Every structure is written in structure tokens, then in C-alpha cells.
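Notes to accompany the following structure.
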Amino acid sequence: MRRVAITGAGVVSPVGVGVPAFFAGLREARSGVGPIRAFDATGLATRIAAEVTGLDAAAAARDVPEPGRAALLRDRKSLFGLAAAREALADAFGARGPGPWHAPERVGVSVATGLEVFHLEDLAPHVQAGRIDGAALAAAVAAAPAGGHLQIPADLGARAIARAAGARALFAVNVSACAAGAQAIGAGWLAIRDGAADAVVAGGYDSMVNPLGVAGFCLLEALSRANDLGSAASRPFDAGRDGFVLGEGAGMVVLEELGAARARGATVHAELLGYGSTLDAYRVSDPVPGEAGAIAAMERALAAAGLAPGDVDYVNAHGTGTRKNDPAETRALRRVFGAAADRLPVSSTKSQIGHLIGAAGAVELVASIFALREQVLPATINLRERDPECDLDYVPNVPRRAAVRRVLSNSFGFGGQNAALVVGALREEA
């Protein structure tokens, strides 16, 4: 069986753009949550989010030809994805990219993104008294310049990433909500393990910090309404938690067949050891009673990695901060790890960066690489009041030095999507 190395990483996050800045944010236990600046949120129940600042949009879209460049510059989440992918590719291969080492037919792209399909500013002029003026909208579509359509192609960012990577192999775009980023990386792992590709750019990018995204989650009563708490509003596992805080950003990794990576003298940041995914097929916003799907995803990831539960040193939890998710994940972890759960550190980086939806699992995998490289566990910040239903070691408030060799990263999404990734320090055995 072919082994999969992680040779590059890139991040756009609410606590820093670029891996060094992101890692600094984790070390400092910094929060990226604050009042929404992207639009006027007056009148919404939730007026806070974790937004990205400091991204050079023009630099991210460099070398993208027209008409695609104009479309890309209008789609915030795709810009995040391309910027993170460029960083990951440069980290793995330098300025020359994968071309000198891998044929384009052996390079793939497997990414996740969000569900926004319209530019809201384009729709607004055609909505009157709550109804869409179909004739006016059709005329606007017909008059739109090439590449400037009202709809956002789901693969817009992915195509730009594939072009940057020179990829001609696997091309997959996953839109399975909160589990999408982890599932995209898992698909890349499978492609390399099974010989369909030798290198894959994999990860996720998303932004739902817009009027429709925030209002929609408000209607679902999924978001925190603790606007007055500001940076302290994202409180996974805390007894006072009242929902998640939306974030935005991107996480990308370069996955590479280990032998090829070694042959070219690449720096291997970590080894992707296993992946497991399941579907509850139960309800949109509730996990199946008994957490069977989450348990099975974790068990499959561990089995694929050839590990026992006791071999895991840290869990980067899904940890959204909702009333239902946090106890459910706690129960699932207890089922998987048994007595070892009491000694297992678990934390949620969503306390710092919010919930990045389609990008969450990807950015959290990079946070797991941080734990391996720095031998530091990211903290669950804002954890002040103990919840009897959440009774594990959540690394409260302050990052912790620890010996970390293997990490399990969980992602559980709307609709009952469950995904788990296992990443570890490179094993030297053949």
C-alpha cells in the first residue's frame, strides 16, 4: 500500500493569512471573532463573525487569465482557496511547481467549497417586495460579460487551483457542508494510496459571512447570539455555549506519494495515515441518536491507519459550540477511546477561528500539523464553565506543550456527514 506524505500547507484564516501567521495565532490563543464588517448586519440576531483580513486579492489572482480573473475577484471564497493553494504548492515544490517532478497526468486536485451560488449584489436590484423579477433577471444574465455571470460555478476556484498546479489527473469538488474539507483531503489520500495520482492539492475554502449565509443560520438558530461577548462568543464545550460563530478562510495541503517525495528530497511535514467517512441519513441538523455515524467514521480512520485508540495523542474536535454537537461528540469519543478518553486531550480551534463550514476540516488538519510540528496543543479558548455532559480534557484557554505523534481530526456536517482524518509524524519504517 502506498504511503501519503504531506509536503506542503497553506492557510487563509481569521487569525492570520499564511501558515506562519496562523501558527502564531494558535500559539497565542488569539481570537479572530468580532463585529461583522463585510456587510451591515443591523437587525440580524447575530452580528459577529470571524472574518479574514489582510489578504492581497490581486496577488492571489495573479496569472489567472481573463475572463476567469474577473469572476475570481468577485468570489471571496475562491480567492481564499487559490491563495492557500499557492502557498501550499510553493511550500512543497518552490517556485517551479510540481512540473519538474510529476507529470501533469499524475497531479490531481480535490477540494471542498461552500454552497453560495449567486452574487447577492447582482440579485438585489431584481427583487421587489420579496419577489424576483424574472424578466429583468433574465435580461441581466444575457447582458453579463463573459465570465461575469450572476451564478458562481461551484468549480470556479478549483479550476484556478488546478491551473496553478498544472493538474490533469483527479479533479473533484466536494460540497458536503461542514465535513467537506476533510472529505476532500480523504479523497486525495485515497487517490494516492490506490495509485490514481502521485500528488494531489487537497483542502477546502469557504465564506458564508454574507447576508444570506448569516441570516440563514440565524433562522436555523444555529449561531451564537452573544454579540456582546465579541471575541469570547465562540465557546465550544462550555456550559454557556449558545451556538457556533461563522468563520471564513481556506486550508490546503499538498499530498504526495512518500517514495516520490523522498526521492526529490522534499520536506515531509507529516504523514496522512488514515481516513474514514460515513453518512447518518437521519436529519439535516441532528446527529443520529447514539452517534453511530461519528463513531464509525473515527473507527474506520483508525483502522485505515493501522492504529489502536490508545495510539492517538490528541484529537482536534469538530467542537462547534452548539448545544447538541458538543455532548454528542463527547459521547462518541468516549465510545471510541473507552477508558483512554479520560487521558486524551481534545480541543476545538473553532473557539478561535469560528466555523469555516466547507473549509473547516481542511484548516483544522493544518492545525493538527501545528500540534505535530510544534509539540503544542491548540487551546479551546473561552472555556470558563464546566458542562457535566462535556467531561473530557478540552485543553482550556491556554495552549499546552505535549508529546504528539498522532492526531485524529473530526468533521461532522449538516445532513449527517461524518469524516475523520488521522495524521502523524513520519514513520521511518519501510
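Residue 191 in my numbering sits at position 51 of the sequence shown; the count goes up by one each step and never skips.
Glycine included, C-beta positions come from ideal geometry on N, C-alpha and C.
The structure presented is a predicted model; accordingly, all values stated were derived computationally and were not measured.
Worksheet entry | Simplified DSSP state of residue 492, which is helix, strand or coil | As a working note, residue 492 is residue 352 in the sequence shown. Of the three classes helix, strand and coil, the one that applies to residue 492 here is helix, per DSSP.
Discussion item. Buried or exposed for residue 359, going by 16 or more other Cβ atoms inside 10 Å?
Written reply: Along the sequence shown, read from residue 1 onward, the residue named residue 359 stands at position 219. Within 10 angstroms of the beta-carbon of residue 359 lie fewer than 16 other beta-carbons, which makes it exposed.
Worksheet item: Short check: CB of residue 337 to CB of residue 331, under 7 Å?
Response: Mapped onto the sequence shown, residue 337 falls at position 197. Mapped onto the sequence shown, residue 331 falls at position 191. Yes, they are a contact pair.
Worksheet item: Does the distance from the CB of residue 555 to the CB of residue 252 come in under 7 Å?
Response: As a first step, residue 555 must be located in the sequence shown, where it is residue number 415. As a first step, residue 252 must be located in the sequence shown, where it is residue number 112. Result no, Cβ atoms of residue 555 and residue 252 do not sit closer than 7 Å.
Discussion item. Excluding the 5 residues flanking residue 474 on each side, which residues of the same chain have their C-beta closer than 6 Å to its C-beta?
Written reply: What you label residue 474 is simply residue 334 of the sequence shown in a count that begins at 1. 481, listed in sequence order.
Worksheet entry | Runs of alpha helix (DSSP H) lying entirely within the stretch 188 to 217, each at least 4 residues, in chain order | The stretch 188 to 217 contains these whole alpha helix (DSSP H) runs: 197 to 200 and 208 to 214.
Worksheet entry | Minimum C-alpha distance to residue 342 - residue among 390, 367 and 385 | Taking the first residue of the sequence shown as 1, we reach residue 342 at position 202. Ranking 390, 367 and 385 by Cα distance to residue 342 puts 390 first.
Worksheet item: Candidates 484, 516, 451 and 431: which alpha carbon is nearest residue 546's?
Response: Within the sequence shown, the letter at position 406 stands for residue 546. Looking only at 484, 516, 451 and 431, the smallest Cα-Cα distance to residue 546 is reached by 451.
Item to complete: For residue 517, name the three-state secondary structure that DSSP assigns.
Response: Position 377 of the sequence shown, counted from the first residue, corresponds to residue 517. Residue state for residue 517 is assigned as strand, using DSSP reduced to three classes.
Practice prompt. Under 6 Å Cβ to Cβ from residue 406, same chain only, skipping five residues before and after it: list those, please.
Written response: Translated into the one-based positions of the sequence shown, residue 406 becomes position 266. Apart from the 5 residues on each side of it in sequence, residue 406 sits with its Cβ closer than 6 Å to the Cβ of 147 in its chain, given in chain order.
Item to complete: Express the C-alpha separation of residue 155 and residue 188 in angstroms, rounding to a whole number.
Response: For the purposes of this step, residue 188 is taken as residue 48 along the sequence shown, with counting starting at 1. For the purposes of this step, residue 155 is taken as residue 15 along the sequence shown, with counting starting at 1. Cα-Cα distance, rounded: 15 Å.
Worksheet item: Which of helix, strand or coil does DSSP assign to residue 527?
Response: Here residue 527 refers to the residue found at position 387 when the sequence shown is read from its first residue. Three-state DSSP puts residue 527 in a strand.
Item to complete: Measure from the C-beta of residue 429 to each C-beta in chain C and report whether the shortest distance is under 7 Å.
Response: Absent from the structure is chain C; it holds one protein chain and no more.
Worksheet item: Within this structure, are the beta carbons of residue 521 and residue 169 separated by less than 7 Å?
Response: To locate residue 521, count along the sequence shown from 1; it is residue 381. To locate residue 169, count along the sequence shown from 1; it is residue 29. Yes, the pair counts as a contact, with Cβ atoms nearer than the cut-off.
Worksheet entry | Backbone CA spacing between residue 466 and residue 204 [nearest angstrom] | Translated into the one-based positions of the sequence shown, residue 466 becomes position 326. Translated into the one-based positions of the sequence shown, residue 204 becomes position 64. Straight-line Cα distance between these residues: approximately 42 Å.
Item to complete: Give me the Cα-Cα distance between residue 346 and residue 190, rounded to the nearest whole angstrom.
Response: Along the sequence shown, read from residue 1 onward, the residue named residue 346 stands at position 206. Along the sequence shown, read from residue 1 onward, the residue named residue 190 stands at position 50. Cα to Cα, residue 346 sits roughly 12 Å from residue 190.
Item to complete: For residue 485, name the three-state secondary structure that DSSP assigns.
Response: Sequence index remark: in the sequence shown, residue 485 carries index 345 (1-based). Reduced to three states, the DSSP call for residue 485 is strand.
Worksheet entry | Distance between beta carbons of residue 318 and residue 551, contact taken as under 8 Å | Within the sequence shown, the letter at position 411 stands for residue 551. Within the sequence shown, the letter at position 178 stands for residue 318. Residue 551 to residue 318, Cβ: 6 Å. Contact.
Worksheet item: So, is residue 202 buried or exposed, given that buried needs 16 or more other C-beta atoms within 10 angstroms?
Response: Translated into positions along the sequence shown, residue 202 becomes position 62. Residue 202 should be labelled exposed.
Worksheet entry | Span of the beta strand (DSSP E) around residue 175 | Within the sequence shown, the letter at position 35 stands for residue 175. Start and end: 173 to 175.
Worksheet item: Which of the three DSSP states, helix, strand or coil, is assigned to residue 159?
Response: As a first step, residue 159 is located in the sequence shown; it is residue number 19 there, counting from the start. In the three-state scheme derived from DSSP, where H, G and I count as helix and E and B as strand, residue 159 is classed as helix.
Practice prompt. Say whether the stretch 392 to 411 touches the stretch 361 to 368, bearing in mind that this needs 3 or more beta-carbon pairs closer than 8 Å, one atom from each stretch.
Written response: Inter-segment contact for the stretch 392 to 411 and the stretch 361 to 368 is absent: fewer than three beta-carbon pairs are separated by less than 8 Å.
Practice prompt. Run the CB neighbour count on residue 220, radius 10 Å, all protein chains shown included, and call it buried at 16 or more, exposed below.
Written response: Position 80 of the sequence shown holds residue 220. Buried, since its Cβ has 16 or more Cβ neighbours within 10 Å.
Item to complete: Go ahead and label residue 453 buried or exposed: buried means 16 or more other beta carbons lie within 10 angstroms of its beta carbon, across all protein chains shown.
Response: Within the sequence shown, residue 453 is the residue found at index 313, counting from 1. Counting Cβ neighbours within 10 Å, residue 453 comes out buried, since at least 16 surround it.
Worksheet item: Among residues of its own chain, excluding the 5 on either side of residue 239, which ones have a beta-carbon nearer than 7 Å to its beta-carbon?
Response: Stepping through the sequence shown from its first residue, residue 239 is reached at position 99. Correct list, in chain order: 306.
Worksheet item: Thinking just about the alpha-carbon of each residue, which of 457, 432 and 393 is nearest to the one in residue 222?
Response: Counting from 1 along the sequence shown, the entry for residue 222 is found at position 82. The shortest Cα separation from residue 222 among 457, 432 and 393 belongs to 393.
Worksheet item: Quick one: what's residue 557 bridged to in DSSP?
Response: The sequence position of residue 557 within the sequence shown is 417, counting from 1. Residue pairing by DSSP puts residue 557 in a beta bridge opposite 419 and 553.
Worksheet entry | Nonlocal neighbours in the same chain, by C-beta distance under 7 Å from residue 524, ignoring five residues either side | Taking the sequence shown and counting its residues from 1, the one referred to as residue 524 is at position 384. Taking C-beta separations shorter than 7 Å and ignoring five residues to either side along the sequence, the partners of residue 524 in its chain run 378, following chain order.
Item to complete: Flag this pair as touching only if the stretch 531 to 547 and the stretch 382 to 389 have three or more C-beta atom pairs under 8 Å; answer yes or no.
Response: Proximity of the stretch 531 to 547 to the stretch 382 to 389 falls short of the contact definition, fewer than three beta-carbon pairs being nearer than 8 Å.
Discussion item. Residue 224 and residue 144 - do their beta-carbons sit closer together than 7 Å?
Written reply: Working through the sequence shown from its first residue, we reach residue 144 at position 4. Working through the sequence shown from its first residue, we reach residue 224 at position 84. Against a cut-off of 7 Å, the Cβ pair of residue 224 and residue 144 comes out as no contact.
Worksheet entry | Cα-Cα separation between residue 430 and residue 471, rounded to whole angstroms | Here residue 430 is taken as the residue at index 290 of the sequence shown, counted from 1. Here residue 471 is taken as the residue at index 331 of the sequence shown, counted from 1. Rounded to the nearest whole angstrom, the C-alpha separation of residue 430 and residue 471 is 8 Å.
Worksheet item: Can you list, in chain order, the residues of its chain whose CB lies under 6 Å from that of residue 163, leaving out five sequence neighbours each side?
Response: Along the sequence shown, read from residue 1 onward, the residue named residue 163 stands at position 23. Same-chain partners within the cutoff: 510.
Practice prompt. Identify whether residue 568 lies in helix, strand or coil by the three-state DSSP scheme.
Written response: The sequence position of residue 568 within the sequence shown is 428, counting from 1. In this structure, residue 568 counts as coil in the three-state DSSP scheme.
Practice prompt. Go ahead and pull the three-state DSSP assignment for residue 168.
Written response: Taking the first residue of the sequence shown as position 1, residue 168 is located at position 28. In this structure, residue 168 counts as coil in the three-state DSSP scheme.
Worksheet item: Cβ of residue 354 within 7 Å of Cβ of residue 484?
Response: Counting from one through the sequence shown, the residue named residue 354 turns up at place 214. Counting from one through the sequence shown, the residue named residue 484 turns up at place 344. Not closer than 7 Å, so no.
Worksheet entry | Nonlocal neighbours in the same chain, by C-beta distance under 7 Å from residue 235, ignoring five residues either side | For the purposes of this step, residue 235 is identified with residue 95 of the sequence shown, where counting begins at 1. Same-chain partners within the cutoff: there are none.
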